[in-house]
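First the structure, in the form of structure tokens, and then the observations on it.
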Amino acid sequence: MTEPTTHSIKTTPQKPNFHYAFAITNVKSIIPITLDNDSSIYLSWSALFQVQARVHNVLDHIIPPTDEKDQQTAEQTKNNDPNLWNRLDAVVLQWMYATVTQDILSSILVINDTAENCWMRIAAMFRDNKHSRAVHLEHQFANTNLEDFPSTKAYCNRLKLLVDQLDNVDSPVNNTRLVLKMISGLTDSYVGFLTYIQQHDPLPQFETAKSRLELEESTMAQRIARESSNTSSPAIEREKERVEHNRFVTDSSVCY
């Protein structure tokens with residue numbers, strides 16, 4: 001009598017689903033900003049974080065989708081593989097923990113937290129004192145002048161940064177006000193440029209005025225190089241002293 005043949009079926013353990021977010025071993029290489037209590041960098045940190053969240057398809061872990069179709073897709077993904085979802089959520093939490101200072105980490109760290117709740121707490125920290133930050137930024141904007149910077153480019157970049165930060169706290173600065181502030185903070189050496197800009201109606205866009213100002217600075221530097229100290233005008237002498245002084249301050253700061 002022949003005994004029946006039995007076939008053993010080998011089962012292969014199911015491998016955990018791989019996600020590109022798991023491959024990030026050093027989040028600071030893709031988000032090089034460390035968020036601290038200085039509200040001026042919150043906008044940059046938040047923007048960079050959201051970019052990387054989109055790149056790695058985990059944006060819905062911090063900002064729930066508003067589109068109904070996207071909401072259904074996110075909910076379906078969460079229900080189909082809750083283990084993967086929870087692991088990704090923990091990864092996004094790690095990204096936040098690794099890109100903030102110890103002070104902020106102590107304020108946001110919660111047991112059994114979610115990435116979305118953590119993201120909202122961080123945003124609230126900088127949103128709650130929005131009006132006081134706006135007052136501080138307005139003061140900085142009003143007191144920014146060319147004489148405190150080594151070049152017109154650095155001066156204009158500082159103004160633009162302050163404007164972006166003011167916009168982030170719902171205190172936008174329009175182009176006219178920005179250009180007027182740019183020219184009002186110039187030194188006496190740029191009186192010709194000041195007159196040139198004031199003759200425009202409407203005023204040019206800030207980027208156009210900035211490019212023109214940098215060209216004026218370059219032209220002035222070439223003229224200073226040609227002029228001897230005996231024939232230089234008082235305005236040029238003052239500008240030469242300002243440039244030399246700022247170069248000395250910059251070099252000294254580098255040495256330290």
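Residues in the sequence shown are numbered consecutively from 1, following the UniProt record's numbering. Glycine included, every Cβ here is placed at the ideal spot set by N, Cα and C.
Three-way DSSP call (helix, strand, coil) for residue i in this model
{"i": "Leu35", "result": "strand"}
{"i": "Val27", "result": "helix"}
{"i": "Leu215", "result": "helix"}
{"i": "Pro204", "result": "coil"}
{"i": "Pro64", "result": "coil"}
{"i": "Val169", "result": "coil"}
{"i": "Leu109", "result": "coil"}
{"i": "Pro150", "result": "coil"}
{"i": "Glu227", "result": "coil"}
{"i": "Thr187", "result": "coil"}
{"i": "Val58", "result": "coil"}
Reference residue i, options the options, closest by Cα
{"i": "Asp60", "options": "Ala74, Glu68 and Phe149", "result": "Ala74"}
{"i": "Asn143", "options": "Trp85, Ser132 and Leu159", "result": "Leu159"}
{"i": "Ser29", "options": "Arg121, Leu203, Leu93 and Gln52", "result": "Gln52"}
{"i": "Trp85", "options": "Asp148, Ala21, Asp188 and Asp38", "result": "Ala21"}
{"i": "Arg177", "options": "Gln199, Leu203, Asp188 and Asn168", "result": "Leu203"}
{"i": "Gly185", "options": "Leu213, Ala225 and Gln50", "result": "Leu213"}
{"i": "Val169", "options": "Ser132, Asn145 and Ser46", "result": "Ser132"}
{"i": "Met125", "options": "Asn80, Leu166, Asp38 and Leu162", "result": "Asp38"}
{"i": "Leu155", "options": "Phe206, Val191 and Met120", "result": "With the sequence shown as reference, residue 155 is identified as Tyr, and Leu is not the correct amino acid for it. The shortest Cα separation from Tyr155 among Phe206, Val191 and Met120 belongs to Phe206."}
{"i": "Phe149", "options": "Glu217, Asp89 and Ala225", "result": "Glu217"}
{"i": "Thr219", "options": "Asn129, Asn26 and Gly192", "result": "Gly192"}
{"i": "Thr99", "options": "Tyr190, His19, Ser211 and Trp45", "result": "Trp45"}
One or two residues paired with residue i in a DSSP bridge
{"i": "Val100", "result": "Leu35"}
Residue i: first and last residue of the uninterrupted alpha helix (DSSP H) it sits in
{"i": "His131", "result": "Lys130 to Ala142"}
{"i": "Ile183", "result": "Asn175 to Ser184"}
{"i": "Gln199", "result": "Per DSSP, Gln199 belongs to no alpha helix (DSSP H) and is neither H nor E."}
{"i": "residue 266", "result": "Nothing can be reported for residue 266: it is not among the residues displayed for the chain, which extend from 1 to 256."}
{"i": "Leu48", "result": "Tyr42 to Val55"}
Rounded straight-line distance, which links the Cα of residue j to that of residue i
{"i": "Ile34", "j": "Leu105", "result": "Here the sequence assigns Thr to residue 34, which means Ile is not the residue at that position. When rounded, the distance between both Cα atoms is 11 angstroms."}
{"i": "Arg238", "j": "Lys153", "result": "19 angstroms"}
{"i": "Asn157", "j": "Ile183", "result": "14 angstroms"}
{"i": "Gln102", "j": "Cys118", "result": "15 angstroms"}
{"i": "residue 265", "j": "Gln94", "result": "Look at the range of the chain in this structure, 1 to 256, and you will see that residue 265 is not part of it."}
{"i": "Arg242", "j": "Gln222", "result": "15 angstroms"}
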